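Asks: The structure follows.
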Amino acid sequence: MSAAQPDTLVAVRIGNAGGVVVGIGQNEMFIASDIPAILEYTRKLVFLESRQMAVVTRAGYFVQTLDKTPVDAAIHEIAWDAVSAARGEYRHFMQKEIFEQGRSLTDTIRGRIDFESGCVTLPDVPLTPEEALRLKRLVTVACGTSAYSGLVGKFLIEKLARIPVEVDYGSEYRYRDPILDSDCAVLAITQSGETVDTLAAMEEAREKGARLWSIVNAIGSQAMRTANGYITMQAGPEIGVASTKAFTASVVDQYLLGLYLGQLRGTLSQAENVEHASALAKLPDLVGKVLDQAPKVAALARKLFHYSDFLYLGRGINYPIALEGALKLKEISYIHAEGYPAGEMKHGPIALIDESMPVLAIAIKDSVYDKMISQIEQAKARRGVVIAIATEGDEFIATKADHVLYVPDVPPLLSPILTVIPLQLLAYYIAVERGCDVDQPRNLAKSVTVE
Ligand code: G6P
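Under the numbering used here, the first residue of the sequence shown is numbered 86, with each subsequent residue one higher.
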């Protein structure tokens, strides 16, 4: 801005981390670092590339490079409906977004899988069977909730496509001189598509010649535009700072990616494809069944909200859910919470357990069920208050834990999508009981576009 030209704003983008969006309104213009900030005012957007500048006045704008070559920048029309971002009947956006998950997952799955043949199509991730077979490794980079989604995805993609998957935080990956080549694919998971650490990790991957994919919710975001291939979450706008529906949608996207890669690489039989497809088709309904238990979770929150430390335990594919459950609680209720792989409890956290430390144990009927029961017994022996997330019909666990929240029985690979929901609800209701600002928790931002 310059006092000499009070009606003009100049926006410049340098480098590929951190975006600049110019919004075109009627007799008004906008500049932002992320799309949702201006979506309420306009859906006509122009994105600057590196070393481009926009000169914006109330009446219009032009784009040029820093050495003054004019640029004919494309105008993108964003389809998100600002109305669908309204809170409607809900008290908070986060509550609305938790309850939207049945619908958002239907949208995520729709059109991408043929339920008769089990065949997955991801047209925006172009790949030949030869290229898929050449892939030696997949590296997932992400931050926050998206990173925990990536940890679930590691189990899914390794199991379905038999490709080793490594998961790292964007903020770590960019600084560790990673080993990559053209037989590696780097998958960035980001709800906003604008998280600077994730974008910087993508940049690192591009420079090292890896294939670059992204899973994004924000259509037209930088992580979508700069990748060689992308899968959208189809979750619709997520407004609450604590991410919920983007988590489950991105896990389902990784399930689809695992099936897609598995089909191209021939690691899945026809019968297995059909089985996975039919399990996915049932998922949104089952999510609805978990959400029906919200009043029970709210009642439990009233018993737990005064505690100041929580331990979340899980194993295998539900270990990342312990991390995500603990993250949700700390983000919005400011209660100290730790997620741990249950088998590690004896190497430290057990020293903390007494009657003032509730223990959340994800103990569904899978191959590590007996081990989880023994962890619950150990926590009880130290007078811990145990809340179990268990499989419907498991009455035995009710004799071990103080409180049980049930989820329907699903194939283990899909279980994280159900077990995370009671934990989202619990964090939400505890934060409400404590009078916290659920949608705008202190010190946090929805998209972190600076380092
Ligand atoms: C912030 C948000 C989190 C989010 C993380 C990554 O910390 O508060 O909810 O998980 O950024 O965001 P992204 O948009 O990259 O998924």
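Heads up, the beta-carbon is just placed ideally off N, CA and C, and yes, glycines get one too. Because the structure is a prediction, the values reported are computed rather than measured.
Quick check: residue 472 and residue 486, are their CB atoms within less than 8 Å of each other?
Replies: Yes.
Asks: Smallest Cα separation from residue 313: which of 146, 331, 324, 294?
Replies: Selected option, being the one with the closest Cα: 294.
Asks: If you run the structure through DSSP and keep just helix, strand and coil, what is residue 86?
Replies: DSSP places residue 86 in coil when its eight states are reduced to three.
Asks: Report whether the distance from the Cβ of residue 230 to the nearest heavy atom of the ligand G6P is below 7 Å.
Replies: It does: the Cβ of residue 230 is within 7 Å (strictly closer) of some heavy atom of the ligand G6P.
Asks: Using a Cβ-Cβ cut-off of 8 Å (strictly less than) and excluding sequence neighbours within five positions of residue 525, which residues of its own chain qualify?
Replies: 326.
Asks: Do residue 343 and residue 272 have their CB atoms nearer than 8 Å?
Replies: Cβ atoms of residue 343 and residue 272: not closer than 8 Å.
Asks: Which term fits residue 289, buried or exposed, when burial requires 16 or more other beta carbons within 10 angstroms of its beta carbon?
Replies: That one is buried.
Asks: How many Å lie between residue 200 and residue 337 at the Cα?
Replies: Rounded to whole angstroms, residue 200 to residue 337 spans 15 Å at the Cα level.
Asks: For residue 254, which residues from the same chain have a beta carbon less than 8 Å from its beta carbon, with the 5 sequence-adjacent residues on both sides left out?
Replies: Result list for residue 254: 226, 227, 228, 232, 282, in chain order.
Asks: Is any heavy atom of the ligand G6P found at a distance shorter than 7 Å from the C-beta of residue 34?
Replies: Since the displayed the chain opens at 86 and closes at 536, residue 34 lies outside it and no answer follows.
Asks: Residue 283: beta carbon under 7 Å from a heavy atom of the ligand G6P?
Replies: Flag set: Cβ of residue 283 near the ligand G6P.
Asks: Mark residue 393 as exposed unless 16 or more other C-beta atoms lie within 10 angstroms of its C-beta, in which case mark it buried.
Replies: It is exposed - the Cβ of residue 393 has fewer than 16 other Cβ atoms within 10 Å.
Asks: So, is the C-beta of residue 383 closer than 8 Å to a C-beta in chain B?
Replies: The structure shown has no chain B; it contains just one protein chain.
Asks: When you measure from the CB of residue 330 to every non-hydrogen atom of the ligand G6P, does any distance come out below 7 Å?
Replies: Not under cutoff, so the answer is no.
Asks: Helix, strand or coil for residue 442 per DSSP?
Replies: Three-state DSSP puts residue 442 in coil, outside helix and strand.
Asks: For residue 153, which of helix, strand or coil comes out of DSSP?
Replies: Looking at residue 153 - three-state DSSP - the assignment turns out to be coil, as it is neither helix nor strand.
Asks: Whose CA, out of 478, 91, 494, 446, lies closest to the CA of residue 488?
Replies: Considering only alpha carbons, the answer is 446.
Asks: Around the C-beta of residue 499, are 16 or more other C-beta atoms found within 10 angstroms, so that it is buried, or is it exposed?
Replies: Under this definition residue 499 is a buried residue.
Asks: Cα-Cα, which of 182, 95, 112 is closest to residue 138?
Replies: Minimum Cα distance to residue 138 is reached at 95.
Asks: Suppose you measure from the CA of residue 419 to the CA of residue 527; what does that come to, to the nearest Å?
Replies: Each residue's alpha carbon lies about 9 Å from the other.
Asks: Please classify residue 328: is it buried, with 16 or more other beta-carbons within 10 angstroms of its beta-carbon, or exposed?
Replies: Buried, by the Cβ-count rule.
Asks: Nearer than 7 Å: is that true of the beta carbon of residue 276 relative to any heavy atom of the ligand G6P?
Replies: Result yes, Cβ under 7 Å from the ligand G6P.
Asks: Would you check whether the ligand G6P has a heavy atom nearer than 7 Å to the C-beta of residue 465?
Replies: Outside the cutoff, so no.
Asks: Assign residue 135 to one of three DSSP states: helix, strand, or coil.
Replies: Looking at residue 135 - three-state DSSP - the assignment turns out to be coil, as it is neither helix nor strand.
Asks: Counting only runs that start and end within the segment 315-386, where is the alpha helix (DSSP H) found for 4 or more residues in a row?
Replies: With a minimum length of 4 residues, the continuous alpha helix (DSSP H) runs that stay inside the segment 315-386 are 330-350, 355-376.
Asks: Taking residue 319 as the reference, give the member of 357, 422, 275, 443 with the closest Cα.
Replies: Measuring from the Cα of residue 319, the nearest candidate turns out to be 275.
Asks: Does the pairing of the segment 363-374 with the segment 205-212 give three or more beta-carbon distances under 8 Å?
Replies: Result no; under three Cβ-Cβ pairs closer than 8 Å.
Asks: For the structure I just gave you, are there three or more beta carbon pairs, one from the segment 298-310 and one from the segment 147-159, closer than 8 Å?
Replies: These segments do not touch.
Asks: Determine the burial state of residue 180: buried for a count of at least 16 other Cβ atoms within 10 Å of its Cβ, exposed for fewer.
Replies: Looking at its Cβ environment, which holds 16 or more other Cβ atoms inside 10 Å, residue 180 is buried.
Asks: When you compare the CB positions of residue 29 and residue 400, do they come within less than 8 Å of one another, or not?
Replies: What is shown of the chain runs 86 to 536, which leaves residue 29 out entirely.
Asks: Identify every run of the alpha helix (DSSP H) within the segment 423-487, keeping only runs that are complete inside it and at least 4 residues long; order them along the chain.
Replies: Within the segment 423-487, the complete alpha helix (DSSP H) runs of at least 4 residues are 454-466.
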